[in-house]
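Undergrad:
Residue numbers (the working numbering): 164 to 821.
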């Protein structure tokens, strides 16, 4: 090939030496490749790499070498280290015996690699090289797994190297025996944004030398076996330097080494995430000797505790002036919160917190939390699909759980049933209420009680989102005069979840249809679109946004069977039709004097526009539209439109973004 030849990609795969035996006879660097953007060699094909010759200014986007055959490297061993010129390479992935090629590569001195991934087979000759002898230079992402981690001390990075991700995964402790015998801080890594050590790789942390001024976005340590922390657990308290870290995420036994970590004196922890299944995972943290660690953890802006790690929450000793961004607690095992449930109501001080998210059994902890009397919560989300998770709450008195001011309340599953137990601050208007349940009994059980908090809340919110069986509260809602919800979102994925509502809405003198026609912003998804023909729109009412979205054609079958222009939508400023709802346009009758400020079609596959494409060109009257947006496949329906004779179109937006 010509020296100036340019190829986008080369793929060679040889499962047998005989497949490419003739190429092995070629001289070193005699097969001219020119410039190659991507190259993948697998099996015995990796053995011919020394035969290839690349352009002196070659820049490779991706190079992958993978071989499970040790005999594929016979030709590789014959060439000198640092003798195979490949120029600049952005991504280098080498698996198993293919790593024998790594020392042979000569990479451009100014190269900055986006990603280096190494997996290695036992018995690799490369491991006989001296430490710091294999020049890597600058690399943004380094991933090494299992046996390949043994090669870490061999690598030499640029002194100004800054990695986005440094990731090591090791299951067998025997793979890192030699590294554990090295002196602490003997492996220079430099600066990095994310450090992830999994399994036995956690033991390597003391051996790493991190830049003194490093500012890490995330430190992730995970060890599901006590053997993975045998040596590091012997370290002195506050002896393992990690510098400045925004987010700390520890799983299982790795939690035990938290007191060993030493952070920069100016460090401000944004988030700490702990996941534990066994009491053994958290015994060290809960000991009296580590009270300072608990105090330090309590200063984090976000606390995310999973499983038994939730038991740490009451021990944090949060101060009265404490202010957090968020708390998220999750566990699917009742035993994980058994001790906390023994605590008195409102006995666990959390102070001021912007959002609280409790999942599964952790929902049962809500009555134990005590918020600052001036707290304003941006969001409270409770999510559980089992009534057993909230048994104790349901036995409490109504309005007994004080949550103060809440801007957004998001209840999923059985959590909906605890609404009567919640006590909110004064007469404040909630900005958003989200209700979602797969079980119709969650709604029935609420209306079987004397407490109608759910109706009071829904009547005062600015935005109401109802999903699945939660739409059944619609007929119960009562709004006075013009005081209606500003935004209403209905999302129903199965027909049986809306059948009952459609029957009720079909009756005459239905108040629900009156107020729904007055909302400022209305969004109907999937089967909820069936409500549209029943709505009453008023002459004086102007809807700001009407959005219709159908993910499947089955949601639109009944609507599309209607006559054209038979579904009146009144005055609308912005109309958005998304996915299969694009096909509904011919069925809509928009107010004849109305000027649509914006009409948007969103089609993300060809099936979304089938109905309209089957119509004649210029057959669909758009009326008066100021701005028309066609996204994705919706651009294909432009010829079908018949614009108003008094056309006022000011802007046409065509976007291929899917």
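We treat Cβ as the ideally placed atom computed from N, Cα and C, and that holds for glycine.
Source: prediction; values computed, not measured.
Going by DSSP in three states, residue 745 sits in which element: helix, strand or coil?
TA: In the structure shown, residue 745 sits in a helix (DSSP, three-state: H, G or I).
Undergrad: Tell me the DSSP secondary structure of residue 286 in three-state form.
TA: Looking at residue 286 - three-state DSSP - the assignment turns out to be coil, as it is neither helix nor strand.
Undergrad: Got a sec? Which residues, its chain only, sit under 6 Å from residue 763 by beta carbon, not counting five neighbours each side?
TA: The residues are 739, 792.
Undergrad: What residue from 571, 767, 601, 654 has the CA that sits closest to residue 577's CA?
TA: Checking every option, the nearest Cα to that of residue 577 belongs to 601.
Undergrad: Given that a residue counts as buried once 16 or more other Cβ atoms are within 10 Å of its Cβ, and exposed if not, what is residue 599?
TA: Classification of residue 599: buried, given that the 10 Å Cβ count is 16 or more.
Undergrad: Thinking C-beta only, is residue 596 closer than 7 Å to residue 620?
TA: Yes, Cβ-Cβ distance for residue 620 and residue 596 is below 7 Å.
Undergrad: Name the two residues that bound the continuous alpha helix (DSSP H) containing residue 337.
TA: Careful: residue 337 lies outside any alpha helix (DSSP H) and carries neither H nor E.
Undergrad: First and last residue of the alpha helix (DSSP H) that includes residue 602?
TA: Unbroken run through residue 602: none, as it is neither H nor E.
Undergrad: What does the alpha-carbon distance come out to for the pair residue 821 and residue 650?
TA: Per-residue confidence for residue 821 stands at a pLDDT of 49, beneath the threshold of 50, marking its modelled position as unreliable; the derived number appears in the next sentence. Answer to the nearest angstrom: the Cα atoms are 26 Å apart.
Undergrad: Pull up the CB-CB distance for residue 448 and residue 473, whole angstroms please, since I reckon it's below 8 Å.
TA: That pair is no contact at about 12 Å.
Undergrad: Could you tell me whether the Cβ atoms of residue 743 and residue 720 are closer together than 7 Å?
TA: Result no, Cβ atoms of residue 743 and residue 720 do not sit closer than 7 Å.
Undergrad: With 16 other CB atoms within 10 Å as the buried threshold, where does residue 170 fall?
TA: It counts as exposed.
Undergrad: Please state the DSSP three-state secondary structure of residue 438.
TA: In this structure, residue 438 counts as strand in the three-state DSSP scheme.
Undergrad: Going by beta-carbon coordinates alone, are residue 508 and residue 477 separated by less than 7 Å?
TA: Against a cut-off of 7 Å, the Cβ pair of residue 477 and residue 508 comes out as no contact.
Undergrad: Check whether the Cβ atoms of residue 438 and residue 401 sit closer than 7 Å, and answer yes or no.
TA: Cβ distance not < 7 Å, so residue 438 and residue 401 don't count as in contact.
Undergrad: Considering only C-alpha positions, which residue in the set 752, 281, 639, 766 is nearest to residue 734?
TA: Checking every option, the nearest Cα to that of residue 734 belongs to 752.
Undergrad: Check the DSSP bridge columns for residue 835 and list the partner residues they point to.
TA: The requested residue 835 is not part of the displayed model; the chain covers only 164 to 821.
Undergrad: Which first and last residues belong to the beta strand (DSSP E) in which residue 211 is found?
TA: Note, residue 211: premise wrong, no beta strand (DSSP E); not H, not E.
Undergrad: Once DSSP output is grouped into helix, strand and coil, what is the label at residue 345?
TA: If DSSP states are grouped into helix, strand and coil, residue 345 belongs with coil.
Undergrad: With DSSP collapsed to three states, give me the class of residue 806.
TA: DSSP places residue 806 in strand when its eight states are reduced to three.
Undergrad: Within 10 angstroms of the Cβ of residue 657, are there 16 or more other Cβ atoms? Answer buried if so, exposed if not.
TA: Looking at its Cβ environment, which holds fewer than 16 other Cβ atoms inside 10 Å, residue 657 is exposed.
Undergrad: Among 469, 380, 397, 445, which has the Cα closest to the Cα of residue 433?
TA: Comparing Cα positions, the closest option is 380.
Undergrad: Assuming residue 798 contacts residue 817 (C-beta within less than 8 Å), just tell me the rounded distance between them.
TA: Yes, they are in contact, since the Cβ atoms of residue 798 and residue 817 sit about 5 Å apart, within 8 Å.
Undergrad: If you draw a straight line from the C-alpha of residue 562 to the C-alpha of residue 385, how long is it?
TA: Approximately 42 Å between the Cα atoms of the pair.
Undergrad: Of all the options 411, 781, 579, which has the alpha carbon lying nearest to the alpha carbon of residue 549?
TA: Checked all of 411, 781, 579; the closest Cα to residue 549 is 579.
Undergrad: Select from 536, 575, 584, 556 the residue whose C-alpha is nearest the C-alpha of residue 568.
TA: Of the listed residues, the one whose Cα sits closest to residue 568 is 536.
Undergrad: Kindly say whether residue 719, judged by its beta-carbon, lies nearer than 7 Å to any beta-carbon of chain D.
TA: Here chain D cannot be found, since the structure has a single protein chain.
Undergrad: Looking at the secondary structure, which residues open and close the alpha helix (DSSP H) in which residue 776 lies?
TA: Element bounds for residue 776: 773-776.
Undergrad: Nearest to residue 375 by CA position, among 217, 229, 427, is which residue?
TA: Checked all of 217, 229, 427; the closest Cα to residue 375 is 427.
Undergrad: Taking the alpha-carbon positions, what's the residue 624 to residue 647 distance?
TA: Distance between the alpha carbons of residue 624 and residue 647 is about 9 Å.
Undergrad: Could you say which of 796, 440, 518, 552 lies nearest to residue 542 if we only look at CA atoms?
TA: Out of 796, 440, 518, 552, 518 has the C-alpha closest to the C-alpha of residue 542.
Undergrad: What residue ranges within the region 551-636 form continuous beta strand (DSSP E) runs of no fewer than 3 residues, ordered along the chain?
TA: Counting only runs of 3 or more, we get 564-569, 571-576, 585-587, 595-600, 626-631.
Undergrad: Determine, using beta-carbon pairs with one atom in the region 229-239 and one in the region 197-213, whether at least three such pairs fall under 8 Å.
TA: Contact between the region 229-239 and the region 197-213 is present, because at least three Cβ pairs lie under 8 Å.
Undergrad: First and last residue of the alpha helix (DSSP H) that includes residue 457?
TA: First-last of the alpha helix (DSSP H) with residue 457: 454-460.
Undergrad: Run through DSSP, which three-state label would residue 715 get?
TA: Residue state, collapsed to three classes: coil.
Undergrad: Pull up the DSSP beta-bridge partners for residue 236, would you.
TA: In DSSP, residue 236 forms no bridge with anything.
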